[in-house]
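Note that the protein sequences, when read in sequence, are chains A and B.
Heads up: the first sequence is residues 31 to 405, going by my numbering.
Heads up: the second sequence is residues 457 to 842, going by my numbering.
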Amino acid sequence: MDFTYDDEQIALRDAVRGLLARKYSDFEQRRRQVAEDPGFDESLWGELAEMGVLGLPFSEDDGGMGAGPVEVAIVATELGRVIAPEPFLSSVVLAGGLVALAGTPEQRTEVLGSLASGERVLALAHLEPGDPVTATPSGDSWTLSGVKEPVVHGARADQVVVSATRPDGSLGLFLVEGDAATRAGYSSYDGGRAARISFEDTTAVALGDPETDGAPLLEQALAGARIAACHEMLGGMEVALSATTDYLKSRKQFGVTLNTFQALNFRAADMYVSLELARSTALWASMVHATGDAAATREAAARAGLHVGKAARHIGQDAIQLHGGIAMTAEYLVGNITARLTVLERFLGDGDHLSVLAAGIDDHAALDPIPEPTA
Amino acid sequence: MRLELSAEDQAFRKEMREFFTTQVPEEIRTAVLDGRELSKEQVVESQRALNAGGLAVPGWPVEWGGRDWSQLQRHLWHEEMQAAGVPLPLPFNTSMIGPVIAHFGSQEVKERFLPPTANLDIWWSQGFSEPDAGSDLAGLRTTAVRDGDDWVVNGQKTWTTLGQHGDWIFTLVRTDPEAKKQLGISMLLIDMTSPGVEVRPIQLIDGGHEVNEVWFTDVRVPGENLVGEVNQGWTMAKFLLGNERVGVAPVGSVKRMLVRAKQVGGDRLADPLLRARIADLENELLALELTTLRVVAHSAGGAPHPASSVLKLRGTELQQAASELLLDLAGPQSLASGADPDAGGTDAPGWARRAAPTYLNLRKASIYGGSNEIQRQIIARTILGL
């Protein structure tokens, strides 16, 4: 049992932190970046590719770096600290993660290789505002019909991974070229981008074996992304708390700094408690994910999702309250972190973690986070 | 980062589980698991079984019975003990005065007191708090005045937990009334059978007798019962209270309470609101347990991790919340707290009769050991720099 990063992991963290600091150490740069489409910096995306970050979780055979969920978590935390708008979570972890799970060897090499090199941005279209998207076989390929929304970074994506219902009612996974569908992109309240994507007999290719049930694979990819999102939230919460304590020490009211008032210090102390408990849970979830046990990972994702989500609401809300009105303004970092935390808790869908856990309370007498030896 | 225990730690955990479930009388462990109170004799019997196996005082120096374990192994020892229903070794002896004597006592004091302290031949009481010295411990007023070779002690201690069982009491006394308040304090060991020592029970809201006042009237204490140097008491008190904060998160006992809630919930577990409440508490407890594991993994050289205040704060909140859950499940049956089931006096099950006294008793958890407000102050000052 060990919660510390090794030297290589610390080197990865420092490299990513250094690269992001060049771009986003001044929050004003992030504001300018999200003001214009595609909402992130394509050249920074290329630099992340050169550093190997975009291929981090994929096997070397697929053109990746062969790293694991812990390394993904390290990158996600750094992105979260500066609320970088680059689509690492949606494109690499989620859409790329699903391709890695479901794709044929040829698809993995082609799609993940170009994702890792920065040539191709992916998006996952799985949420549906209305009727399910349907998939119909058509010779060697398929056609899709229906609407997906919101698809994060859906308008910019070169290729979209789509979940759709096959004629037998089962869930299939498909690849669609981005410009083959009708896309309406828009900004979301965190400065990010999402889209409504309409398919009208749109040509699609089955991702992996067309007979395979895609539902568990989709759920597994979502679980991995939820855990990574928890780390991105952790990065945001760390900065929200440190910005708040700095503010309490410097801002004067009634002729004295705010940290003169115990009521405010106690609220900051409670934010620290929430942060450290959330950190423990998120780190544990990454370690569970790294074991490769799909069922355990889904449960860990629900547990971390519930706990980190609560912490994010607490820390985000109190960071704004303790700053006062300044945190409500668009040019100040803290309120924007809270907006981003709010998105991260939601965009992966199926976020009702407490219901999932409540349904399963009979499955165990008492929780034990340390796995029993398998031998 | 690694999720699994090392092979060595896995073997250690197994060894602990084996010992606790076979070497401590089952009757005692069942009583603990059922949430019943133990007699003094049962607590003593259990600790002697642990001591015989070398497991009562692992945190002490090796020459006095300690084990040179890692912090993680100490944690596993602590958790497996709770999971098996073994009463924790009496904290006054094993985690409070024992380490202080081992660290600050003279060779003579060590030889005289450490073996009987480990074996619970002496039941220690803690004499720190006074009516005007709670969280502000340095406000204590009990005096010790030198008279020949002896000290003469006068004053009053309060909140002396289980003082009715105490053979000896370790006290903080004021030995220099002129000095700045933290600097004039010493630590004295006092035989509670000495003339002038009087223990008076304090009745609590849970109906039980757990704490006492201890009065000292011209009590003569031999000079050699001083621990360390004169006026060094504050240093020893900080050492002791620092130890107290380690292992303070009652993860094992809250786990037991949640398991009990599931067992006794019966048909009511069909209620999604109840299920959600249990699931939420379980998940909060998971975060606490994982944080405990993070803290023990990082506690180098025995110094408490700064985040150990988180464990005290959150641990007691969860303990209180779990007791509230059990009380809600007991409902009106909890009123039978004073009934005698052996005499046919009630149909209410034992857990339901214990629910309200436990709920009321546990209100103390956020007060003792440095109140939760003190913990928030520690976090704000020492961690956040506020």
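From the three backbone atoms N, C-alpha and C, an ideal C-beta is built for every residue, glycine too.
Keep in mind that this is a model prediction, so the values were computed, not measured.
Look up residue i in the DSSP assignment and say whether it is helix, strand or coil.
{"i": "A:M358", "result": "helix"}
{"i": "B:Q527", "result": "helix"}
{"i": "A:G93", "result": "coil"}
{"i": "B:L682", "result": "strand"}
{"i": "A:E116", "result": "coil"}
{"i": "B:Q904", "result": "Here chain B comprises residues numbered 457 to 842, so residue 904 of chain B is not present and cannot be evaluated."}
{"i": "B:S827", "result": "coil"}
{"i": "B:W516", "result": "coil"}
{"i": "B:T748", "result": "helix"}
For residue i, tell me which candidate among the options has the shortest Cα-Cα distance.
{"i": "A:E72", "options": "A:E306, A:Q39, A:L86, A:K53", "result": "A:K53"}
{"i": "B:T747", "options": "B:A589, B:A463, B:L767, B:E460", "result": "B:L767"}
{"i": "A:V386", "options": "A:G346, A:R333, A:M358", "result": "A:R333"}
{"i": "A:E101", "options": "A:P117, A:A369, A:L84", "result": "A:L84"}
{"i": "A:R223", "options": "A:S120, A:T359, A:F88, A:Y35", "result": "A:S120"}
{"i": "A:T22", "options": "A:A194, A:L271, A:E241, A:H261", "result": "Residue 22 of chain A lies beyond the range of chain A shown here (31 to 405); nothing can be said about it."}
{"i": "A:D243", "options": "A:E230, A:L201, A:W314", "result": "A:L201"}
{"i": "B:A778", "options": "B:P797, B:R809, B:P805, B:L818", "result": "B:L818"}
{"i": "B:I553", "options": "B:R485, B:W516, B:Q563, B:A589", "result": "B:W516"}
{"i": "A:V269", "options": "A:T34, A:F57, A:V123", "result": "A:F57"}
{"i": "B:G611", "options": "B:G491, B:T617, B:D603, B:T598", "result": "B:T598"}
{"i": "B:N507", "options": "B:G721, B:A574, B:A763", "result": "B:A574"}
{"i": "A:D348", "options": "A:L252, A:G98, A:I367", "result": "A:I367"}
{"i": "A:M31", "options": "B:G801, B:M648, B:E740, B:E745", "result": "B:E745"}
{"i": "A:A259", "options": "A:T166, A:S217, A:L313", "result": "A:L313"}
{"i": "B:R630", "options": "B:T614, B:Q688, B:L749", "result": "B:Q688"}
{"i": "A:E77", "options": "A:G48, A:E402, A:Y219", "result": "A:G48"}
{"i": "B:L489", "options": "B:V715, B:H559, B:E666", "result": "B:V715"}
Just reading off the beta strand (DSSP E) that residue i is part of, what are its end residues?
{"i": "B:Q582", "result": "580-583"}
{"i": "A:F229", "result": "223-236"}
{"i": "B:N507", "result": "B:N507 -> not in any beta strand (DSSP E); alpha helix (DSSP H) instead, spanning 496-508."}
{"i": "A:E179", "result": "171-182"}
{"i": "B:T627", "result": "624-630"}
{"i": "B:R656", "result": "653-658"}
{"i": "B:Q612", "result": "606-617"}
{"i": "A:G335", "result": "Run containing A:G335: none in the beta strand (DSSP E); it sits in the alpha helix (DSSP H), 324-353."}
{"i": "A:R213", "result": "212-217"}
{"i": "A:F204", "result": "201-207"}
{"i": "B:D647", "result": "641-647"}
{"i": "B:R724", "result": "First-last for B:R724: undefined, no H or E at that position."}
{"i": "B:P587", "result": "Careful: B:P587 lies outside any beta strand (DSSP E) and carries neither H nor E."}
List the endpoints of the continuous alpha helix (DSSP H) containing residue i.
{"i": "A:L131", "result": "127-132"}
{"i": "B:S764", "result": "764-786"}
{"i": "A:W75", "result": "72-81"}
{"i": "A:T275", "result": "245-280"}
{"i": "A:I367", "result": "363-374"}
{"i": "A:P68", "result": "From DSSP, A:P68 is part of no alpha helix (DSSP H); its letter is neither H nor E."}
{"i": "A:Q39", "result": "37-54"}
{"i": "B:V556", "result": "554-560"}
{"i": "B:L461", "result": "Run containing B:L461: none; DSSP gives neither H nor E here."}
{"i": "A:Q292", "result": "292-320"}
{"i": "A:L152", "result": "First-last for A:L152: 152-155, but that is the beta strand (DSSP E), not the alpha helix (DSSP H)."}
Spatial neighbours of residue i within its chain, please: C-beta separation below 7 Å, excluding the five flanking residues on both sides.
{"i": "B:F548", "result": "W580, S581, Q582"}
{"i": "A:R309", "result": "L264"}
{"i": "A:A236", "result": "W172, G202, F204"}
{"i": "A:V318", "result": "A326, T327, A330"}
{"i": "B:P468", "result": "Residue 468 of chain B is actually Phe in this sequence, not Pro. The residues are Q529, L532."}
{"i": "B:L816", "result": "I661, D662"}
Leaving out five residues before and five after residue i in sequence, what residues of the same chain have Cβ atoms less than 6 Å from its Cβ?
{"i": "B:D605", "result": "G679"}
{"i": "A:Y438", "result": "A question about residue 438 of chain A goes unanswered here, because the residues of chain A that appear run from 31 up to 405."}
{"i": "A:A234", "result": "W172, L174, F204, V206"}
{"i": "A:L252", "result": "L378"}
Residues in the same chain with beta-carbon distance under 8 Å from residue i, minus the five sequence neighbours each way, listed in chain order, please.
{"i": "A:S28", "result": "Because chain A here runs from 31 to 405, residue 28 of chain A falls outside it and cannot be looked at."}
{"i": "B:A594", "result": "K637, Q638, I641, W690"}
{"i": "B:A717", "result": "I734, A778, L781, L782, L785"}
Looking at the ligand NAD, does it come within less than 7 Å of residue i, judged from the CB to the closest heavy atom?
{"i": "B:D592", "result": "Of the ligands one can find in the structure shown there are none, so the ligand NAD has no counterpart to examine."}
Problem - At least 3 beta-carbon pairs within less than 8 Å: the region 181-193 of chain A vs the region 339-354 of chain A - result: no
Practice task
Specify whether the region 533-544 of chain B and the region 708-716 of chain B touch according to this definition: at least 3 beta carbon pairs, one from each stretch, less than 8 Å apart.
Solution key: yes
Practice task
Check whether the region 646-657 of chain B touches the region 622-633 of chain B, counting contact only when three or more Cβ pairs, one atom from each stretch, lie closer than 8 Å.
Solution key: yes
Exercise for the section: Taking 8 Å as the threshold, find out whether the region 246-266 of chain A comes into contact with the region 103-112 of chain A through three or more Cβ pairs. Expected result: yes
Problem - Cβ contact check for the region 291-298 of chain A and the region 825-837 of chain B: 3 or more pairs under 8 Å - result: yes
Problem - Cβ contact check for the region 160-174 of chain A and the region 111-118 of chain A: 3 or more pairs under 8 Å - result: no
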